[in-house]
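Asker: I'd like to ask some things about the structure below.
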Amino acid sequence: PQNEKAISKAAGQERDRVMVVCFDKTLVHFDGYLLPYKYTNAVLYSRYSSARAIDNSGGGADTNGYDVHNYPLAPGASVSFMAQVAGVQQLYFRQLGGTVGVIICTAAAQADACAAGFVLVPAVTVKKTFDELGLAAGNYINFTNPGSETVTVRAGLKT
4 PQNEKAISKA AGQERDRVMV VCFDKTLVHF DGYLLPYKYT NAVLYSRYSS
54 ARAIDNSGGG ADTNGYDVHN YPLAPGASVS FMAQVAGVQQ LYFRQLGGTV
104 GVIICTAAAQ ADACAAGFVL VPAVTVKKTF DELGLAAGNY INFTNPGSET
154 VTVRAGLKT
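Take the sequence shown: its position 82, counting from 1, is numbered 85 in this note's numbering, and each next residue is one higher.
See below:
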């Protein structure tokens, strides 16, 4: 039994060492290696970016302290995020998938599409106050997907 405990302990330490090498040393270099695919193979790059967002291992995707929800958007579709918030309210946005950025705007009605506003960059996390987004006053905060691919916007408020 003592020998088996020692083997198990050594295996656990080796696993921990390998995980540190994978996530802290190797994986951070993949972002640079896959960047050319953003333009030459957008589907591959989008899937890679989505995977990095899901495992919180890159891109500042950490949602700690935010109450986030996912908003799927078909091509050309619009969805209302919520009623306009106070200017100092901290917001979280991240677009998963696609190669064209979703437009965030304020509108008079929940069904209104965005023609202009704050444009998300796919796979880049935005953590800003409402005032920092530079949006005009309106009743609702809406998202519009101007691209040709279905995307998901992860959005929420700081709690």
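Note that CB positions come from ideal geometry on N, CA and C, so glycine has one too.
Remember, predicted model here, so these are calculated numbers, not experimental data.
1. Where are the alpha helix (DSSP H) runs, 4 residues long or more, that stay fully inside the stretch 5-70, in chain order?
2. With H, G and I counted as helix, E and B as strand and the rest as coil, what does DSSP make of Leu94?
3. Taking just the CA atoms, how far does His32 sit from Cys25?
4. My assumption, with CB atoms under 8 Å, is that Leu138 sits in contact with Gln98. Please give the rounded CB distance.
5. Quick one: what's got a C-beta closer than 6 Å to Lys41's C-beta in the same chain, skipping five residues either side?
6. Whose CA, out of Lys131, Val82, Leu30, lies closest to the CA of Val156?
7. Roughly how many angstroms separate the alpha carbons of Ala119 and Leu37, rounded to a whole number?
8. Please tell me whether Tyr143 and Ala110 are closer than 9 Å, where the distance is taken between their beta carbons.
9. Which same chain residues end up closer than 7 Å to Phe121 when comparing Cβ atoms and leaving out the 5 residues on each side of it in sequence?
10. Note down, in chain order, each residue of its chain lying with its Cβ closer than 8 Å to the Cβ of Asn145, except the 5 sequence neighbours on either side.
11. Tell me, which residues are paired with Val129 by DSSP?
12. Assign Gly100 to one of two classes, buried (16 or more other C-beta atoms within 10 Å of its C-beta) or exposed (fewer than that).
13. Looking at the structure shown, is Leu76 part of a helix, part of a strand, or coil, going by DSSP?
Answerer: On the basis of the supplied data:
1. 5-23, 30-37, 40-43, 45-57
2. Taking the sequence shown and counting its residues from 1, the one referred to as residue 94 is at position 91. It is a strand residue.
3. Translated into the one-based positions of the sequence shown, residue 25 becomes position 22. Translated into the one-based positions of the sequence shown, residue 32 becomes position 29. Their backbone Cα atoms lie some 10 Å apart in a straight line.
4. By one-based count along the sequence shown, residue 138 stands at place 135. By one-based count along the sequence shown, residue 98 stands at place 95. With 8 Å as the limit, Leu138 and Gln98 do not qualify as a contact, their Cβ atoms being about 17 Å apart.
5. Taking the first residue of the sequence shown as 1, we reach residue 41 at position 38. Answer for Lys41: Tyr48, listed in chain order.
6. Taking the sequence shown and counting its residues from 1, one reaches residue 156 at position 153. The shortest C-alpha separation from Val156 is found at Val82.
7. One-based indexing of the sequence shown puts residue 119 at position 116. One-based indexing of the sequence shown puts residue 37 at position 34. Distance between the alpha carbons of Ala119 and Leu37: 30 Å.
8. Working through the sequence shown from its first residue, we reach residue 143 at position 140. Working through the sequence shown from its first residue, we reach residue 110 at position 107. In this structure, Ala110 lies closer than 9 Å to Tyr143 by Cβ.
9. Here residue 121 is taken as the residue at index 118 of the sequence shown, counted from 1. Closer than 7 Å at the Cβ level, and outside the excluded window around Phe121, lie Ile107, Leu136, Gly137, Leu138.
10. Taking the sequence shown and counting its residues from 1, one reaches residue 145 at position 142. Cβ within range, chain order: Ser81, Val82, Ser83, Phe84, Ile107, Cys108, Thr109, Ala110, Gln113, Asp115, Ala116, Cys117.
11. Stepping through the sequence shown from its first residue, residue 129 is reached at position 126. DSSP lists Phe96 as partners of Val129.
12. Translated into positions along the sequence shown, residue 100 becomes position 97. Buried, since its Cβ has 16 or more Cβ neighbours within 10 Å.
13. Numbered from 1 along the sequence shown, position 73 holds the residue referred to as residue 76. In this structure, Leu76 counts as strand in the three-state DSSP scheme.
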